[in-house]
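Oh and the sequence shown: position 104 is 104 in our numbering, straight run, nothing missing.
Backbone N, C-alpha and C define an ideal beta-carbon position, used for all residues, glycine too.
Following: one structure in structure tokens, then a few remarks.
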Amino acid sequence: MKNHSEKLIYIEKDALNKLLNMNILELNKTHLRISVKQGGCSGMSYAMNFEDKMHIKNTDKVIDYGKFQIVCDNKSLLYVYGMSLNYKNDLIGGGFQFMNPNAVQTCGCGKSFSI
Numbered sequence: 001m002k003n004h005s006e007k008l009i010y011i012e013k014d015a016l017n018k019l020l021n022m023n024i025l026e027l028n029k030t031h032l033r034i035s036v037k038q039g040g041c042s043g044m045s046y047a048m049n050f051e052d053k054m055h056i057k058n059t060d061k062v063i064d065y066g067k068f069q070i071v072c073d074n075k076s077l078l079y080v081y082g083m084s085l086n087y088k089n090d091l092i093g094g095g096f097q098f099m100n101p102n103a104v105q106t107c108g109c110g111k112s113f114s115i
């Protein structure tokens, strides 16, 4: 993983392109909320969904990527700070991949972790 200290959460080029393409199908909502939920194989899991601007709270952190923004609540940000999001277009094991430097254990599914 690269060092992306200028961003709280970094989106690799392939992931950003995929998100922009998906966003067109989601009625041009320009914000992606990344959050952490209890559950999953390793105890915590990632959640992502598109949102419009009116659902962003004053306490949310917004990370700007030009045409696109990531939104993260403060509690989730504690767990994903420094994370890199990538996208692989592989038949097996493809999809979004979370590279989280805070995770001490991850599940084989790549969608859950523990700290």
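Residue i versus the options, residue with shortest Cα-Cα distance
| i | options | result |
| --- | --- | --- |
| Met99 | Ser84, Leu91, Leu77 | Ser84 |
| Met44 | Val71, Ser76, Gln69 | Ser76 |
| Arg33 | Asn23, Pro101, Met22, Ala47 | Ala47 |
| Asn17 | Glu51, Gln69, Asp52 | Gln69 |
| Asn23 | Gly95, Gly82, Glu51 | Glu51 |
Residue i CB to nearest heavy atom of the ligand ZN below 7 Å
| i | result |
| --- | --- |
| Tyr81 | Although the ligand ZN was asked about, the structure shown includes no ligands whatsoever. |
Which of helix, strand or coil DSSP assigns to residue i
| i | result |
| --- | --- |
| Cys15 | Here residue 15 turns out to be Ala, not Cys, going by the sequence shown. Three-state DSSP puts Ala15 in a helix. |
| Lys75 | helix |
| Val36 | strand |
| Asn102 | coil |
| Leu20 | helix |
| Lys53 | helix |
Inter-residue spacing [alpha-carbon to alpha-carbon] between residue i and residue j
| i | j | result |
| --- | --- | --- |
| Ala103 | His55 | 28 Å |
| Leu20 | Val62 | 17 Å |
| Ile92 | Tyr79 | 27 Å |
| Pro101 | Gly82 | 7 Å |
| Gly95 | Asn58 | 31 Å |
| Asp73 | Asp60 | 5 Å |
| Lys53 | Gly66 | 15 Å |
| Lys29 | Asp64 | 14 Å |
| Val36 | Asp90 | 25 Å |
| Gln97 | Ala15 | 9 Å |
**OP:** Could you tell me whether the stretch 73-88 touches the stretch 7-22, using the rule of 3 or more Cβ pairs below 8 Å?
**Re:** yes
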